[in-house]
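Chemist: Pasting a structure here, questions to come.
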Amino acid sequence: MEKLRQIGEAIGSLRAFMAFREEIQINRRQCCLLFDAFSLAFDVITQELRQHLRFDENQTNWHALENPMKELHKVIKEGEYYVKQCLEPKDWWAKAISLNLNTDCVEFHLHNLLWCFTVVLEAIENAGEISGQDLETIQLKRIVLLKKYEHAWMERKLFFHRFAEHYLLSQEMCNSFSSVWKEDRWLLTELISEKKISMTLTKHESQLAELVLAPRDELHSTSVLAGSKDFQVRRRLGDGGQYKEVQWMGESFALRHCFCDSNSMSAEISLLTSVMHPNVLNYMYVFSDDERKEHFVLMELMNKDLGRYIKEISSARRRVPFPLLVAVDIMIQIARGMEYLHSKKLYHGDLNPSNILVRSRSHSSDGYLHVKITGFGQSGTKSWKQSSQSSNQTDKYHCIWYAPEVLAEQERSPRSQSAKFTEKADVYSFAMICFELLAGKIPFEDDHLQGDRMSRNIRAGERPLFPSQSPKYLTNLTKKCWHDDPSQRPSFSSICRVLRYTKRFLIMHPDHNQPDLPSPPADYLDIEMCLLNKFKVWTTVEASKVSEIPFQMFCYRVLERERDKTSMNQTERCLDSESDQTSVCGDEIGLQMMVQGKAFSNSGALPRSQSQPEILKKLSGKLDMKASKLSGNFFLDLYQSQFNLYCYDGLSKV
């Protein structure tokens with residue numbers, strides 16, 4: 177109950193900001209969409225709580241909701257910070273430059289909301305299964321879930337027709353996901369045009385107006401940047417000296433300084449400025465001085481690279497650098513960034529921890545990081561291909577991040593790079609990063625072999641060894657990603673779906689860091705392979721829309737429940753074969769546990785003298801009355817027949 181109160185408090189705080197929505201001049205439509213989505217999510221959750229649970233159970237059955245609610249509260253607070261940034265009374269031009277070139281509203285905040293909201297709804301359903309004072313109500317709730325998670329609903333059109341409103345996916349909401357950034361961009365263009373007409377702009381303001389309105393790959397004069405009175409270089413970033421932290425118009429940025437010819441770099445500039453994703457470094461504007469062949473690239477500021485960050489937080493006592501939930505969240509962000517790049521036919525070719533930049537997340541006390549990929553592209557100019565903060569450890573072990581087929585090609589033809597820039601080579605590199613996140617050490621760090629010998633061993637099939645405590649459901653995915661056969665490695669879209677559902681498992685089981693806890697009831701990668709056979713569109717290189725996340729999670733849940741049920745049936749058959757002489761009394765007790773679960777602890781044990789036909793007669797007689805109380809649920813006309821079949825199936829063994 178406390179977590180629900182905190183979520184309501186966060187919504188109230190956001191509502192207070194939105195009282196001044198007319199004063200939001202940057203990304204107003206996106207802020208309104210975010211507020212509407214959060215408010216609707218809270219309304220649906222409270223409605224589901226009233227339907228599935230009772231308030232007097234908040235000290236018992238509500239405990240399973242605490243962790244999912246905590247995660248949702250974090251998501252909403254991060255969204256609140258985004259709205260606050262857009263509303264803050266800073267220099268208007270500074271906000272226009274720093275905030276208009278990102279898609280964080282939909283691709284980060286709403287992505288996290290739709291994923292987390294789906295988990296919260298499932299947690300409420302699970303808690304509701306054992307909520308109630310009488311057997312009939314509990315049985316009806318279980319039948320509702322049985323019918324909800326049937327195979328028939330694994331058709332996308334049927335799912336959206338039936339559950340769209342339930343999962344915040346109304347047609348209006350989905351249309352807004354696709355159009356809201358363009359609407360804000362158009363509003364910004366109109367606002368700048370009005371400023372030009374209604375007021376006299378200074379020379380510097382006119383330059384800034386041209387900067388904001390121009391195509392991103394257009395080169396601008398260095399005087400726009402360096403000629404500004406408040407432009408300051410704060411410090412160097414990394415070891416190379418090419419990157420600096422600068423302050424401009426009250427905002428902090430990273431600035432890349434390099435010397436190259438504009439004509440030779442035009443393709444590279446177009447590539448770098450064409451991408452826009454929360455998990456890919458944002459190359460915002462490029463400034464040039466043709467006479468000096470000098471270029472400056474303005475970028476968003478990050479703290480450090482992942483390799484350096486892991487090295488700083490690791491110690492003898494803290495060998496594993498991240499809690500498991502944080503590690504999986506980092507994996508998801510890397511996979512999402514790579515999924516986006518691959519959807520644009522951009523292959524990294526040099527994915528390693530020094531090319532992954534991180535910074536702390538706002539309002540996160542759990543160690544969560546915001547992750548962004550850099551260093552991508554196929555430029556022949558070395559200075560543009562270097563990572564922003566090169567790491568000595570990455571240079572020392574450079575071959576460990578490359579797939580066997582890449583190393584084999586380098587062995588045959590050192591100058592050839594065709595095998596390096598492929599989807600599956602990037603997946604292999606991702607697997608090695610996952611190993612470092614889970615194991616807390618660089619792959620092959622303990623191996624005495626280096627250089628050519630290490631490369632030869634990798635090509636021969638050698639892979640790093642996970643610590644014994646590493647969870648199998650994550651090590652199995654990692655091993656699949658570094659498979660020797662590139663065709664056996666999953667795509668980043670598949671990896672995203674598997675990791676999202678894995679994170680859901682960790683949220684639903686908050687004691688996942690404790691030893692001897694159960695693994696997921698099904699192999700999620702196996703489920704993904706089954707779903708790929710059913711949904712051919714999932715095999716395309718297109719990045720998944722955020723509006724598809726609830727449907728994808730739903731399909732996983734259907735197959736997981738099905739496999740869990742199959743496993744339970746097999747266990748029951750084994751137990752039946754071992755206990756053919758079980759007494760009727762013992763069977764009744766087992767039946768009570770199977771059918772009622774926790775309900776008997778609330779309503780008392782069933783009298784032994786009551787016969788099984790009498791039980792069914794009593795339940796069947798009250799069924800219509802209970803069904804009428806649950807109006808609006810699924811398949812009320814099928815309750816009677818489904819309920820009888822369910823009960824007779826349970827009693828048939830007695």
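The number in this note's numbering is simply the position in the sequence shown, starting from 1, with 176 added. Beta carbons are placed, not taken as given, at the ideal position from N, Cα and C, and that holds for glycine.
#1: Would the beta-carbon of Leu190 fall within 8 Å of that of Cys281?
#2: Taking Leu501 and Leu682 to be in contact with their CB atoms under 8 Å, please state how far apart those CB atoms are, rounded to whole angstroms.
#3: For the candidate residues Arg230, Tyr485, Glu515, Ala328, whose alpha-carbon lies nearest to that of Thr534?
#4: Which residues in the same chain have their Cβ closer than 8 Å to the Cβ of Leu387, if we skip the five residues on either side of it in sequence?
#5: Taking the CB atoms as reference points, tell me whether Phe668 and Val603 lie closer together than 8 Å.
#6: Less than 8 Å between the C-beta atoms of Ala523 and Thr598, yes or no?
#7: Look up His524 in the DSSP assignment and give the residues it is bridged to.
#8: Only counting the same chain, and skipping five residues up and downstream in sequence, which positions put a Cβ closer than 6 Å to that of Gln728?
#9: When we look at the beta-carbon of Gln383 and count the other beta-carbons within 10 Å, is it buried (16 or more) or exposed?
#10: Span of the beta strand (DSSP E) holding Tyr419?
#11: Please name the residue in Asp406, Met441, Ser440 whose C-alpha comes closest to that of Trp424.
#12: Taking the beta strand (DSSP E) that Met460 belongs to, which residues open and close that run?
#13: Could you give the distance in angstroms between the alpha-carbon of Asn488 and the alpha-carbon of Phe711?
#14: When burial is assigned at 16 or more other CB atoms within 10 Å of the CB, is Phe231 buried or exposed?
#15: Under three-state DSSP, which class holds Arg410?
#16: I need the straight-line Cα distance from Glu247 to Ile183, nearest angstrom please.
#17: Let me know the secondary structure DSSP gives Phe472 once reduced to three states.
#18: Grab me the residues of Gly304's own chain with a C-beta within less than 6 Å of its C-beta, minus the 5 sequence neighbours each way, in chain order.
#19: Of all the options Val504, His574, Ile314, which has the alpha carbon lying nearest to the alpha carbon of Gly543?
#20: Within a Cβ cutoff of 8 Å, which residues of the same chain sit near Trp238, ignoring the five residues on either side of it in sequence?
#21: Between which two residues does the alpha helix (DSSP H) containing Ile300 stretch?
#22: The alpha helix (DSSP H) spanning Leu321 covers which residue range?
#23: Whose C-beta lies closer than 7 Å to the C-beta of Ile508 among residues of the same chain, with five residues either side of it excluded?
#24: Could you give the distance in angstroms between the alpha-carbon of Pro662 and the alpha-carbon of Leu364?
#25: Can you give me the start and stop residues for the beta strand (DSSP E) that Leu533 sits inside?
#26: The alpha helix (DSSP H) that contains Cys610, what's its start and end?
#27: Less than 7 Å between C-beta atoms, sequence neighbours within five positions excluded: which residues of the same chain meet that for Lys648?
#28: Alpha carbon to alpha carbon, what distance is there between Leu389 and Pro139?
#29: Just to confirm, are Leu653 and Leu701 a CB contact at a threshold of 8 Å?
#30: Can you name the residues that DSSP bridges to Asp481?
#31: Below 8 Å, how does it come out for the segment 335-351 and the segment 286-296: are there three or more Cβ pairs, yes or no?
#32: In whole angstroms, what is the alpha-carbon distance linking Gly417 and Tyr459?
#33: Whole angstroms is fine: what's the gap from Gly525's alpha carbon to Thr279's?
#34: With DSSP as the reference, identify every bridge partner of Cys434, one or two as the case may be.
#35: By Cβ distance below 7 Å, which residues in the same chain neighbour Leu263 in space, the five residues on each side in sequence not counted?
#36: Is it right to say Glu164 is buried, meaning 16 or more other beta carbons lie within 10 angstroms of its own, or is it exposed?
Modeler: Quick look at the numbers:
#1: No; because the gap between Cβ atoms is not below 8 Å, this pair is not in contact.
#2: That pair is a contact at about 5 Å.
#3: In the sequence on display, residue 534 carries Val and not Thr. Answer by Cα proximity: Tyr485.
#4: The answer, listed in chain order, is Ile273, His396, Val400, Tyr461.
#5: It is a contact, given that the beta carbons lie within the stated cut-off.
#6: Correcting the residue type first, residue 523 is Tyr in the shown sequence and not Ala. Taking 8 Å as the Cβ cut-off, Tyr523 and Thr598 qualify as a contacting pair.
#7: Answer is none; His524 lacks a bridge partner.
#8: Here the set comprises Arg673.
#9: Its Cβ being crowded by 16 or more others within 10 Å, Gln383 is buried.
#10: Start and end: 419-424.
#11: Checking every option, the nearest Cα to that of Trp424 belongs to Asp406.
#12: In the DSSP assignment, Met460 falls within the beta strand (DSSP E) that extends over 459-465.
#13: According to the sequence provided, residue 488 is Glu. The question's Asn does not apply to it. Their Cα atoms are separated by approximately 43 Å.
#14: Result: exposed.
#15: Residue state for Arg410 is assigned as strand, using DSSP reduced to three classes.
#16: Taking the straight line joining both Cα atoms gives about 10 Å.
#17: In the three-state DSSP reduction, Phe472 falls in the strand class (E or B).
#18: Once the five neighbours on either side are set aside, the close Cβ partners of Gly304 are His228, Leu229, Lys317.
#19: Closest by alpha carbon: Val504.
#20: By the criterion of a C-beta distance shorter than 8 Å, Trp238 is surrounded in its chain by Met177, Leu229, Ala303, once the five residues flanking it on both sides are discounted.
#21: First-last of the alpha helix (DSSP H) with Ile300: 287-305.
#22: 311-324 is the extent of the alpha helix (DSSP H) around Leu321.
#23: The residues Cys672, Leu675, Arg676, Lys679, in chain order, have a CB closer than 7 Å to that of Ile508 in the same chain once the five nearest residues on each side in sequence are set aside.
#24: Rounded to whole angstroms, the separation of the alpha carbons of Leu364 and Pro662 is 45 Å.
#25: Its beta strand (DSSP E) spans residues 532-536.
#26: That run of the alpha helix (DSSP H) goes 599-615.
#27: Closer than 7 Å at the Cβ level, and outside the excluded window around Lys648, lie Ser695.
#28: Because the chain here runs from 177 to 830, residue 139 falls outside it and cannot be looked at.
#29: In contact: Leu653 and Leu701 (Cβ atoms closer than 8 Å).
#30: According to DSSP, which records beta bridges pairwise, Asp481 is partnered with Leu533.
#31: Cβ pair count under 8 Å is three or more, so yes.
#32: Answer to the nearest angstrom: the Cα atoms are 18 Å apart.
#33: Those two C-alpha atoms are separated by around 25 Å.
#34: Paired residues: His471.
#35: Excluding positions up to five away in sequence, the list reads Phe193, Phe196, Glu199, Ile200.
#36: Any answer about residue 164 is impossible in this case: the structure gives the chain only from 177 up to 830.
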